[in-house]
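I have placed the structure first, in the form of structure tokens, so that the comments after it can refer back to it.
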Amino acid sequence: MSASNYKAIAALFPGRWDSHYVASKLRTDPLYTALEENLRGSQLPLLDLGCGLGLSALFLRAAGINLPIHGLDYDSRKIESAKRAISQGKIKDVSFAHHDARQGLPEHHGNVSILDILQFFTPAEQETLLKLAASRVAPGGKLIIRSGLRDHSFRFKITVAGDWLAKATSWMKAAPTHYPTSEDFQRILQPFGVIEISPLWGKTPFNNHLIVLTRKA
Ligand SMILES: C[S@@+](CC[C@H](N)C(=O)[O-])C[C@H]1O[C@@H](n2cnc3c(N)ncnc32)[C@H](O)[C@@H]1O
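In my numbering, the protein residues as written are 537 to 753.
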């Protein structure tokens, strides 16, 4: 995607801070391209848990992926900004709602994404959310997760520091609680289908990985 696409998306956010953050996040983070590559060709709707400002939805639309998208986040400010951006951009079949993912999930049958939010959950909450999310994935659909993985790397230490900084600057409402390991994902998700785990940090210093569960058809 081109720099002008990123600028057009950033322009949907009125505040200088949000629009600067959006442009730089889209330019530097490989997350959204990975999401696009995983969803290309799918007709199933996407439930985006912890959608933040709705960047996944905006990126997917700009990339020509037109499946219906519903985003949930417990930060009302971000949900309001995401709704405003969708309305300003006249983007169809995308909706956002305020919801705490620790309180269960709405009915859904399709693809699900959980991008950079698991660190705010306790181990038990992570396991509950992952099982619930996997159960909402339709046959042939995907559960697409990005998470920092707990291991002995220097990248992991930087990941933890970055999340504490986000809390200190009030960008995130919560401090990080727990980071899952690669084995946690294998153990929890294996009964649901095929799992692939690969590094997804691009030029960032973080220990981010992409975890994709493809539900058995
Ligand atoms: C690092 S941001 C990622 C935003 C978005 N997924 C993205 O990648 O562009 C983490 C998001 O998770 C949300 N979040 C954290 N805990 C949550 C919860 N219990 N329920 C819903 N959203 C939550 C935060 O409000 C924040 O918007």
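For each residue, glycine too, the CB sits at the ideal point set by N, CA and C.
Asked	Found
For residue 557 and residue 730, I'd like the C-alpha separation in whole angstroms.	34 Å
Closer than 7 Å by C-beta to residue 670: which residues in its own chain qualify, once you throw out the five before and the five after it? Chain order, please.	679, 725, 728 and 749
Taking a contact to mean a Cβ-Cβ separation below 8 Å, would you say residue 619 touches residue 588 in this structure?	no
Using only CA atoms, which one of 747, 751, 574 and 739 lies nearest to residue 563?	739
Can you grab the Cα-Cα spacing for the pair residue 627 / residue 598, in whole Å?	10 Å
Using only the alpha-carbon positions, how far apart do residue 544 and residue 590 sit?	14 Å
Can you tell me where the beta strand (DSSP E) with residue 633 in it begins and where it stops?	630–634
Specify, as a first and last residue, the run of the alpha helix (DSSP H) that residue 673 falls within.	First-last for residue 673: undefined, no H or E at that position.
Does the Cβ of residue 686 lie closer than 7 Å to at least one heavy atom of ligand 1?	no
Spatial neighbours of residue 548 within its chain, please: C-beta separation below 6 Å, excluding the five flanking residues on both sides.	621, 624 and 625
Are the Cβ atoms of residue 645 and residue 672 separated by less than 8 Å?	yes
Please classify residue 556: does DSSP put it in a helix, a strand, or coil?	helix
Return the CA-CA distance between residue 683 and residue 720, expressed in angstroms with no decimal places.	12 Å
Quick one: measure Cβ to Cβ for residue 660 and residue 580, integer angstroms, because I've assumed they're closer than 8 Å.	With 8 Å as the limit, residue 660 and residue 580 do not qualify as a contact, their Cβ atoms being about 29 Å apart.
Out of 585, 705 and 600, state which residue places its alpha-carbon closest to the alpha-carbon of residue 569.	600
Taking all protein chains shown into account, decide if residue 577 is buried (16 or more other Cβ within 10 angstroms of its Cβ) or exposed.	exposed
Shorter than 7 Å, the distance from the beta carbon of residue 608 to the closest heavy atom of ligand 1, or not?	yes
Any idea which residues DSSP pairs residue 683 with across the strands?	745
Looking at the unbroken alpha helix (DSSP H) that takes in residue 574, where does it start and where does it end?	567–575
Which residues does DSSP list as the beta-bridge partners of residue 584?	607 and 649
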